[in-house]
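What follows is a short report on a single structure.
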Amino acid sequence: MAEVIRVLHVEDSPVDGELLMYQLQRAGLASECRRVDSESAFLRQLEEFQPHIIMADFTMPQFSGMEALAIARDRTPDIPFIFVSGTIREDIAVEALKAGSADYVLKDNLVRLVPAIKRALADADLRRSHRAAEEERARLEQGLRDSEAGLRRAQAIARLAHLVSGPEGRFESWSESLPSLMHLPKERMPAGFDQWVEALHPSDRERFRAGVSAATLRGERCDMEYRMRLPGGTYMTVRQVMEPTGGVGVAGIRWFSTIQDVTEQRRSEEKIRRLNRVYAVLSGINTLIVRVNDRTELFREACRLAVEEGGFLLAWVGLVDRELMRLRLIASHDTTQGYVDLLPLGLDQGAPGGLGFAGRAVAERRALVANDIATGAQLSVLTEEALARGFRSMITLPLVAGDEVKGVMSLYSDTPGFFDSEEIRLLEELAGDVTFALGHLDQADRLEYLAYFDPLTGLANRRLFEERLEQMLDAAQRDGHKLAVLMADVVRFKTINDTFGRQQGDVLIKQVAERALARIGDANHLARVGGDHFASVMPAVETADEVGRNLEERMSAILGEPFAVGDAELRVTFKVGIALYPDDGEDADTLLKNAEVAVKRAKSAPEPYLFFNQKMAERVAENLMLENRLHKALERGELVLHYQPKVDLESGAIVGAEALMRWQSPDLGLVQPAHFVPLLEETGMILEAGAWALRQAARDYAQLAARGLRPPRIAVNVSPVQLRRADFVDTVRAALGEGAGASGIDLELTESLVMEDVAGNVDKLKAIRELGVSIAIDDFGTGYSSLAYLARLPVQTLKIDRSFVITMLAEPDTMTLVSTMVSLAHSLRLKVVAEGVDAEEQAHVLRGLRCDQMQGFLFSRPLPLEDLVALMLRHGQGT
């Protein structure tokens, strides 16, 4: 690692750039940083600054982090690249790692930054050394062909040798460096691979034989790695590359094998992997210290990290119990079972059996290491149990705070000699961090509890809730989300207190808190802010309707069963006031006050809850009523399909029909889709309604055919909610079934919907095509799809959006665009349907442009099925 690390930071926020530099300086990492926020500046600094590492925000106005990553991988692939971003979805993070990012660090968790930088730089050094080694090997192999003398010198330096073998695996010749590489005199060299394999590690022999056999059979190059036993009993790691020297498949083929001792290289790689594992644990522990405020969770998570991130087989933590003079096992994480139950945890030197390994670490106040359990006596009677579970080395680290040992942390590895000076140094740092967290928790627990928590319910008080709310508001502002603050008042609580006494009133409040917490799930989102007042938050909500639905579900779960107060069972109700961010306030104090105003209004209103904004309250109530009616409409079969014909522009014949959903409400009459389809999608009811539409369209098609008509193909629209589902293809298959009408059904999808996930949607649409269903792209021209993507889609029809059709006569540019879309579609062998054709002039122009079909009021409005039949008969399309 360089003495001063040059950091190129792609970031549009100067404040975030300074914060990153502060984090590096705080960690004692000597660095020089230059910040850029555009592609041109980034390219210039790559050339001039020659950075050791690149860090980038993910999303910026002018220049995205993924663009920077692509440039860096193309121009400077050896420079590690780390994303340091405020937010990044898990699927995008995975794509970034696949694209070449070394790591990603969230801005609200910068404690991971320095370890991530160190790992990335170490990995980069390792890759450079690997490439240098490969380049050196290639150079030396070229030297082998040029000069026999150079061959001998190069092989000695690079720990290389070669041998030539015949068809039966017999050795015909070898380089002078091979016997010395194997530590054998020339006269004891094996005569062929049959003897050679005897020196291999028993676990590698079968793999070696299989590799040689496969190479011989196919006459192809073979590259394999194995362990070879040396005369002294130690093993070296050998890489062997076998290459044929004759024609493939020709009898008598001979083989040239390059043999290289890669023992040190593999040890170095293993060393880096081990250190990276320990760094990962250390980074995770530091994150825990910030996040966790419970010592048991801290220890449990620390043990889990040691096993899952650090690769240890077992990790356990015990705290010193001075009264019982023993270690009390607090947490463990184990790939095996039962070992921790056998551990001697006594701390009394004079007790029978004396001190165990952990007891000695407490007594001596230092880390104790057993680097070879098989040959050491440190574990006394537990040696056999340890070896049976795969433990080969271990370390016990005392947790020392001031002059007192608070406990120990023990780690077990499957590798003998795992704990060298570097690992021990890092693990002692880890133990120090855990000890710091333990002491901090001990000192802060009581004061924090009194300052921030309600002593009766254990929930946050108003002060802590406001702080948490401010943090959630920062996240909501950063991510562009809405947020709802709710203030709930227990109705008639004063009467309950007066009737049953304050003690029983407290019992009721505790029960309400327990149920509320069980329903909400996250204690950070709930608080008791007054005698009978509870505050809660709904983060990342989209609409007020969503808040209303979620609140009704909460109230049903919390208040559905009666509460036991003394010998009585009481039914309790809430009045709730709601304030929305950012509409009703942009800070915690304002939102809480406005929620309190809303709850006061709710106390004198018949509704159980009110929004601070009265108009919003009325709209939410209206939408919830409509939602309930829609649920009943689905149950009662009130949805119907109307069909709008598609007409061939040349012949005037009806060649298709689009199925359009309508709601035949007994109370509201015929409801147009704009008034209820968005609510179906928002609530998820569109899945049921969409499946119904497919089934009904197939039944109607079959009915037309059964009546002796020539039914046109029927197109059914697909909702975004349906297509995004993983089981979309299965749902279509099930909805269409095996009925006679299934063969006449097509699907229409909007262009913007298809472009959300081109790769995933291509696979789904290909599966749909296999069902015999044709596919049309609706609203074409509005989704900005590229020609490359369009050519990949398994579609048969493009529907030009009506916005282009109704303006093309008045706007020459739009006319040109429509003409281009028709030509493009025909070049891709696709049919073209123009939507919204309402005038004969439009139809005339579309005929001139060779558009295939039209759909619009010029020919017909959407019709019930029987009216469609009548229209077909009038146009001579009966039989």
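Going by our numbering, the sequence shown opens with residue -3, and the numbers climb by one from there.
All C-beta atoms, glycine included, are put in the ideal place defined by N, C-alpha and C.
Here's the rule: buried if 16 or more other CB atoms are within 10 angstroms of the residue's CB, otherwise exposed. What is residue 831?
buried
Residue 219: buried (16+ other C-beta within 10 angstroms of its C-beta) or exposed?
Classification for residue 219: exposed.
Taking residue 119 as the reference, which of 96, 656, 660 and 426 has the closest Cα?
If we check each option's Cα against that of residue 119, 96 comes out closest.
Pull up the CB-CB distance for residue 758 and residue 789, whole angstroms please, since I reckon it's below 8 Å.
So it is a contact: roughly 6 Å between Cβ atoms.
Please state whether DSSP places residue 95 in a helix, a strand or coil.
coil
Run through DSSP, which three-state label would residue 299 get?
helix
Please state whether DSSP places residue 223 in a helix, a strand or coil.
Secondary structure at residue 223: strand, using DSSP grouped into helix, strand and coil.
Environment of residue 662 [buried if 16+ CB atoms lie within 10 Å]
exposed
Considering only the beta carbon of each residue, do residue 630 and residue 684 sit closer than 9 Å?
yes
Please name the residue or residues paired with residue 218 in a DSSP beta bridge.
238
Have a look at residue 344 and residue 320 and give me their C-alpha separation to the nearest angstrom.
9 Å
Tell me the residue span of the alpha helix (DSSP H) that contains residue 590.
584 to 599
Residue 260 versus residue 132 - alpha carbon distance:
16 Å
Can you check whether the CB of residue 854 is closer than 9 Å to the CB of residue 839?
yes
Which runs of the alpha helix (DSSP H) fall wholly inside the stretch 688 to 720 and span at least 4 residues, in chain order?
716 to 719
Could you tell me if residue 210 is buried or exposed, where buried requires 16 or more neighbouring beta carbons within 10 angstroms of its beta carbon?
exposed
Look at the alpha carbon of residue 480 and the alpha carbon of residue 114, and state the distance between them as a whole number of angstroms.
Rounded to the nearest whole angstrom, the CA to CA distance from residue 480 to residue 114 is 41 Å.
Local Cβ density within 10 Å of residue 179, reported as buried at 16 or more and exposed below that
exposed
Residues of its chain near residue 327, where Cβ-Cβ distance is below 6 Å and the 5 sequence neighbours each way are ignored
295, 296, 299 and 313
Looking at residue 865 and residue 847, is the spacing between their C-beta atoms short of 9 Å?
no
When we look at the beta-carbon of residue 213 and count the other beta-carbons within 10 Å, is it buried (16 or more) or exposed?
exposed
Less than 9 Å separating the beta-carbons of residue 303 and residue 423?
no
Among the residues of its own chain, which have a CB less than 6 Å from the CB of residue 58, if the five just before and after it don't count?
34
Residues near residue 281 by beta carbon distance below 7 Å, same chain, minus five either side
298, 301, 426, 429 and 430
Identify whether residue 368 lies in helix, strand or coil by the three-state DSSP scheme.
coil
Considering only residues of the same chain and omitting the five flanking positions on each side of residue 307, which have a CB-CB separation below 6 Å?
273
What do you get for residue 93, buried or exposed, if any count of 16 or more other CB atoms within 10 angstroms of its CB means buried?
exposed
Check whether the stretch 558 to 576 touches the stretch 476 to 494, counting contact only when three or more Cβ pairs, one atom from each stretch, lie closer than 8 Å.
yes
With DSSP as the reference, label residue 557 as helix, strand or coil.
coil
Going along the chain, which residues of its own chain have a beta-carbon closer than 8 Å to the beta-carbon of residue 255, five neighbours each way excluded?
Only 156, 157, 158, 159, 174, 177, 234, 235 and 236 meet the Cβ criterion.
As assigned by DSSP and simplified to three states, the class of residue 403
strand
Rounded straight-line distance, which links the Cα of residue 703 to that of residue 754:
Looking at the backbone, the Cα of residue 754 and that of residue 703 are separated by about 41 Å.
Comparing alpha-carbon positions, which option in 563, 833, 394 and 185 lies nearest residue 172?
Out of 563, 833, 394 and 185, the CA that lies nearest to the CA of residue 172 is found in 185.
Distance, residue 729 Cα to residue 767 Cα:
7 Å
What does the alpha-carbon distance come out to for the pair residue 466 and residue 269?
41 Å
Restricting to runs no shorter than 4 residues, where is the alpha helix (DSSP H) found entirely within the stretch 41 to 115?
61 to 71 and 86 to 94
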